[in-house]
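All remarks here apply to the structure that follows.
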Amino acid sequence: MTSGLLVTCYKNRQQSSFKAITHELSSISNHRDGNDDTDIFAIEIKKEVRAELGKHNVKYVSFRNISNIYFIDNRTSLDAKTIAHKLMNRNINHTHKILALDLFVEYNAAALNAITGYLDEKIEGLDVSMRTFKIAFKQRCSNLCVKEILFDMILCRMKRFGVDLTRPDITIHVQVIKNSIGVCLGTLSS
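If you want it as structure tokens, here you go:
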């Protein structure tokens, strides 16, 4: 059970894309964006990102027979969404899209329990003004028949919310790759 970044890149360019992302992370940790003193990349967090990059502890996990997707494990105390947000508006070589995943697990019965616990925790902490949601589901190179199971599990927990496919208050990203499942609950403000 881990959190991190799911990255799609040009075909056979995983290593180049990973190097570009780590370079961007190190440059982000070396300076602030603007003059905002409340910037989330405060000095302590910058040190933490620099330390992880300096230890060469940051590695990516690729998926067998998939040459354009990889996962970067988040070992910092910083939220994966914050890191993805910082990288979002930058032009990173060989990289298409970066998606933050709060939970990334191998599929089994324990994984479903972990996803259930994650959803319960996140839904409990939501603002009461949020009324609508949608599920962004993507399955890649996987024979797992989990779409109905995951949708039932999510819909059971989201009973108080309505569905809005055009402009929802909450988006639940679900990624199924090979035999792994990633989940992230995002709001309009995050």
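Those letters in the sequence shown? Residues 1 to 190, per UniProt numbering, in order.
Positions of the beta carbon are idealized from the N, C-alpha and C atoms, including for glycine.
Note that the coordinates shown come from a computational prediction; the quantities given were computed from them, not determined experimentally.
The alpha helix (DSSP H) enclosing residue i, as first and last residue numbers
i, result
"Y118", "A109 to E124"
"R157", "K147 to R157"
"H85", "A80 to M88"
Close beta carbons around residue i, own chain, < 8 Å, minus the five adjacent residues each side
i, result
"E24", "L87, R90 and I92"
"N65", "C141"
"N35", "Residue placement at N35 cannot be trusted, given a pLDDT of 49 that sits under 50; what the coordinates show is reported in the next sentence. Nothing meets the Cβ criterion."
Residue environment, residue i, which counts as buried when at least 16 other CB atoms sit within 10 Å
i, result
"H96", "exposed"
"V61", "exposed"
"G4", "buried"
"D127", "exposed"
"V7", "buried"
"I177", "buried"
"S180", "buried"
Same chain only: Cβ atoms within 6 Å of residue i, ignoring 5 sequence neighbours per side
i, result
"K122", "L185"
"T2", "D73 and F104"
8 Å contact criterion, which residue i and residue j should meet: CB distance rounded
i, j, result
"A80", "D102", "6 Å"
Range of the contiguous beta strand (DSSP E) that encloses residue i
i, result
"R5", "As written in the sequence, residue 5 is Leu, which differs from the Arg given in the question. Segment T2 to C9, the beta strand (DSSP E) holding L5."
"T96", "For the sequence presented, residue 96 should be read as His rather than Thr. Note, H96: beta strand (DSSP E), T95 to E106."
"R140", "T132 to R140"
"V128", "From DSSP, V128 is part of no beta strand (DSSP E); its letter is neither H nor E."
"T171", "I170 to I177"
"F63", "Y60 to F63"
Proximal residues to residue i (C-beta, below 7 Å), its chain only, five neighbours per side dropped
i, result
"H94", "C9, Y10, R13, S16, S17 and A20"
Taking three-plus beta-carbon pairs below 8 Å as touching, is the segment 170-183 in contact with the segment 124-139?
-> The segment 170-183 vs the segment 124-139: in contact.
At least three beta-carbon pairs within less than 8 Å, the segment 148-160 to the segment 65-76 | The answer is no - the segment 65-76 does not touch the segment 148-160, with fewer than three Cβ pairs under 8 Å.
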